[in-house]
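Working notes, beginning with the structure itself.
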C-alpha cells in the first residue's frame with residue numbers, strides 16, 4: 006500500500022529574471038513503512054518537494070496524496086498525518102523542552118490524558134528526559150535536532166519527514182541520530198521520508214530517489230541502483246596512462262573514465278578479475294585497487310559529476326555561521 | 060467548517076495565546092522596560108513641558124498637565140506593547156518557529172487570531188500596570204473605573220495588535236521594524252492627543268488625528284479617567300471596534316493565503 010502518491014508534480018518560482026522550475030514533472034510512490042530517501046545535491050529540489058507534500062507550498066501543477074488525503078484539498082488532514090523535522094531549526098528557544106512539546110501536542114490535538122505520557126515517551130526515546138525543564142537555548146545543535154525529532158513524533162504521525170536530519174552536525178552526533186531513526190522504525194508503525202546529500206546516509210534507505218535539477222533520474226533500492234554499475238570498480242594508476250586506457254578499453258570492452266590522474270572502470274567479479282588482469286597487463290601498474298560501487302558512483306554515472314560533499318559542507322557551514330551572526 | 064475543525068481552531072488560538080502570555084510573563088526585563096519608558100514620558104517630559112504649557116493651552120487643558128497626559132501615556136503604553144507583540148511574528152519567522160505553526164493542522168487564520176488575543180492580553184496587563192502611577196499625578200482611580208478600563212484597554216489593544224499583524228505579516232527581517240516604528244507607531248502616538256489637546260490645531264493635522272484609531276482610544280481613556288471627552292464614549296468604542304474588526308479580517312485573509 007502506498008502512503009504517498011505523487012503524480013506529475015511541478016513547482017515554478019517567479020524570480021526577477023523569469024521562472025525557475027524547482028521541481029519538474031516528478032512522479033513517485035512511497036510504500037507504507039518504508040524508509041525512503043531523496044538523494045541529490047543542494048538546490049536539486051528536495052526541500053521544495055517536501056514543502057509541497059507538507060502543504061507549506063502549493064504545487065504549480067500535478068497532484069499528490071498523503072495517507073490518501075489530497076495535499077491541496079485536505080491540507081489539515083495531511084498535516085495531522087505527518088511529522089516534520091525541518092532543515093533549519095524551528096524550536097522556541099525561550100521555552101523549555103517540555104513546553105515546546107506541550108505546545109505541539111496542543112496544536113495537534115493530542116488528548117490531555119495521553120499528552121504527558123506521550124511527551125515522556127518521546128523525550129526518553131531521544132534521551133532528553135532529564136533535560137525536559139531546561140530552556141532550549143541551553144541545548145547543543147545535536148540535542149535540538151533530537152528534540153525536533155521527538156516533537157515530530159509526538160502526535161503519532163503516519164509519515165515522518167526528515168529534511169537533511171544530520172546537516173551541520175558532527176560525525177558522532179550524526180551516527181547517534183541515525184541510531185534513533187533505526188530504533189524508531191522498530192518501535193513505531195511509521196514511514197520515514199528523508200532528504201540527504203550524504204551518500205553514506207542514503208545507503209540506509211530501503212529505496213532512494215536520485216534527484217538532480219528538479220527531476221528524478223533514478224529510483225530504486227541502493228543495491229539495485231548500484232547494480233547499474235557493472236559490478237565492481239577498479240581504479241588504477243599506470244605509468245603510461247593513455248596507452249593503458251586504450252589497451253584496457255580494447256581488451257575488455259569497457260569504458261574507462263579518467264579522474265584526478267586515476268583510471269576507473271567497472272568489471273564483474275572483481276576478485277577473480279584482478280589477478281588475471283595484473284598478470285596480463287603489458288603496461289606498468291603503479292597502484293591498483295578494487296571496491297564495491299557506491300551511490301556516488303551511481304550519481305557520477307547518471308549525471309557525469311560528483312555530488313561534491315565538500316562544497317556542500319562548506320556552504321552549510323557558512324550558512325550556519327551567518328545565522329549565528331544574525332542573532 | 061465542522062464542529063471538530065472549529066474545536067481544533069479554538070485550541071490553536073488558545074495555544075498561540077498561551078505561548079505569547081507565557082513568554083511575556085517570563086521576560087521580566089521587558090515588563091520593567093515597558094513600564095519605565097512611559098513613566099519617563101509622564102514624569103520627565105510631562106513635568107518639564109507642564110511648566111510652560113498650562114498657560115498656552117489655557118482652558119483646553121482644564122487643570123494640571125500631568126493628569127491630562129496620564130491617560131495619553133496609558134494609550135502610549137498600549138500602543139507600544141501591542142505593536143511589539145505583533146512584530147514578534149517577524150522574529151518567529153526568522154528563527155523558524157512560524158513554520159512549526161504553519162504546518163500544524165489548524166486553519167492559518169487562527170494563527171492571526173491567536174496572536175491578536177495574545178498581544179491584547181499582554182497589553183491589558185501592561186496598561187493596568189500604568190494605573191500604579193495614578194496617585195503621583197493627582198488622579199483618583201476607583202474599582203468601577205478599573206472594571207471599565209480593562210475591557211476598553213483590551214479593545215484598543217486588540218485593534219492595534221491586529222494592525223501590527225497586518226504590517227508584519229509579509230515582513231521577513233527585523234529591518235522592517237524601523238519602518239513600522241517611524242511610519243506607524245510614532246505618528247500614531249504624536250497624533251493621538253496623548254500629549255496635547257487636539258482642539259484648535261492646524262487643519263492638516265485634524266485630518267490625520269481623525270483617521271488615527273488611537274485618537275479615539277486616548278479620548279475614551281481620558282473620558283473614563285478624567286471625565287474629559289471630545290467625542291461621546293459610544294462613538295470612541297464603536298470606531299475602535301470597527302477598526303479592529305477590519306484589521307483582524309485583513310490579517311486573517313493574509314495568513315490564510317499562507318507564506
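Chains as they are written, first to last, in our numbering: chain A, 6 to 332; chain B, 60 to 318.
The C-beta atom is built at its ideal place from N, Cα and C for all residues, glycine as well.
Being a predicted model, the structure only gives us computed values, none of them experimental.
Asked                                                                                                                                                                                   : Found
Which residue's Cα is closest to the Cα of residue 17 (chain A): A:263, A:219, A:224?                                                                                                   : A:219
Below 7 Å on C-beta distance, what does residue 162 (chain B) contact in chain A?                                                                                                       : 59, 60, 61, 84, 89
So, helix, strand or coil for residue 60 (chain A), using DSSP?                                                                                                                         : coil
I'd like to know if residue 111 (chain A) contacts chain B, where contact means its C-beta is closer than 7 Å to some C-beta of that chain.                                             : yes
Within 10 Å of its beta-carbon, does residue 176 (chain A) have 16 or more other beta-carbons around it, so buried, or fewer, so exposed?                                               : exposed
Taking the beta strand (DSSP E) that residue 9 (chain A) belongs to, which residues open and close that run?                                                                            : 7-20
Could you tell me whether the Cβ of residue 145 (chain A) comes closer than 7 Å to any Cβ of chain B?                                                                                   : no
Can you name the residues of chain A whose CB is closer than 7 Å to the CB of residue 192 (chain B)?                                                                                    : In chain order: nothing, as chain A lies at least about 29 Å away.
For the region 164-172 of chain B against the region 66-86 of chain B, are there 3 or more C-beta pairs whose distance is under 8 Å?                                                    : yes
DSSP three-state call for residue 34 (chain A): helix, strand or coil?                                                                                                                  : strand
Determine, for residue 299 (chain B), whether the minimum Cβ-Cβ distance to residues of chain A falls below 7 Å.                                                                        : no
Return the CA-CA distance between residue 79 (chain B) and residue 280 (chain B), expressed in angstroms with no decimal places.                                                        : 25 Å
Using three-state DSSP, classify residue 260 (chain A) as helix, strand or coil.                                                                                                        : coil
Between A:239, A:230, A:188, which lies nearest to residue 274 (chain A) when the distance is taken from Cα to Cα?                                                                      : A:239
Does any C-beta atom of chain A lie closer than 7 Å to the C-beta of residue 74 (chain B)?                                                                                              : yes
Taking C-alpha atoms, which residue in A:134, A:100, A:174, A:130 lies nearest to residue 140 (chain A)?                                                                                : A:100
At a cut-off of 6 Å, is residue 123 (chain A) close to the ligand ADP when judged by its beta-carbon and the heavy atoms of the ligand?                                                 : The ligand ADP is not among the ligands present in this structure, which contains no ligands whatsoever.
Taking residue 163 (chain B) as part of the alpha helix (DSSP H), name the residues at either end of that continuous run.                                                               : Neither: residue 163 (chain B) is in no alpha helix (DSSP H) and is coded neither H nor E.
Rounded to whole angstroms, how far is the Cβ of residue 216 (chain B) from the Cβ of residue 166 (chain B), which I believe are closer than 8 Å?                                       : Going by Cβ atoms, the distance from residue 216 (chain B) to residue 166 (chain B) rounds to 23 Å, so no, they are not a contact pair.
Could you tell me which chain A residues have their CB closer than 7 Å to the CB of residue 267 (chain B), listed as they occur along the chain?                                        : Ordered by position in chain A, no residue passes the 7 Å Cβ test against residue 267 (chain B), which lies about 36 Å from the chain.
Could you spell out where the alpha helix (DSSP H) holding residue 238 (chain B) opens and where it closes?                                                                             : 235-239
For residue 244 (chain A) versus residue 289 (chain A), is the C-beta distance shorter than 7 Å?                                                                                        : yes
Kindly give me the distance between the Cβ atoms of residue 261 (chain A) and residue 253 (chain A), rounded to whole angstroms, as I take these residues to be in contact under 8 Å.   : 5 Å
Skipping 5 residues on each side, what residues in its chain have a beta carbon closer than 6 Å to that of residue 26 (chain A)?                                                        : 17, 219
Using only the alpha-carbon positions, how far apart do residue 201 (chain A) and residue 304 (chain A) sit?                                                                            : 13 Å
Could you check what DSSP says for residue 131 (chain A) in three-state terms: helix, strand or coil?                                                                                   : coil
So which residues of chain A does residue 235 (chain B) contact, with C-beta pairs closer than 8 Å?                                                                                     : Residues of chain A passing the Cβ test: none, with the nearest at roughly 14 Å.
If we count Cβ pairs, one from each stretch, closer than 8 Å, do we get three or more for the region 173-190 of chain A versus the region 154-165 of chain A?                           : yes
Any C-beta of chain B within less than 8 Å: which residues of the region 120-148 of chain A qualify?                                                                                    : none
Any contact between the region 264-280 of chain B and the region 130-141 of chain B? By contact I mean 3 or more CB pairs, one from each, below 8 Å.                                    : yes
Please report the distance separating the alpha-carbon of residue 180 (chain B) from that of residue 213 (chain B).                                                                     : 7 Å
Any beta-carbon of chain B closer than 7 Å to the one on residue 23 (chain A)?                                                                                                          : no
Name, in chain order, the residues that DSSP records as bridge partners for residue 140 (chain A).                                                                                      : A:101
Could you tell me which chain B residues have their CB closer than 8 Å to the CB of residue 81 (chain A), listed as they occur along the chain?                                         : 64, 67, 164, 165, 166
Evaluate residue 105 (chain A) with the Cβ neighbour count: other Cβ atoms within 10 Å of its Cβ, from every protein chain shown; 16 or more gives buried, anything less gives exposed. : buried
Chain B partners of residue 98 (chain A), CB-CB under 9 Å?                                                                                                                              : 154, 156
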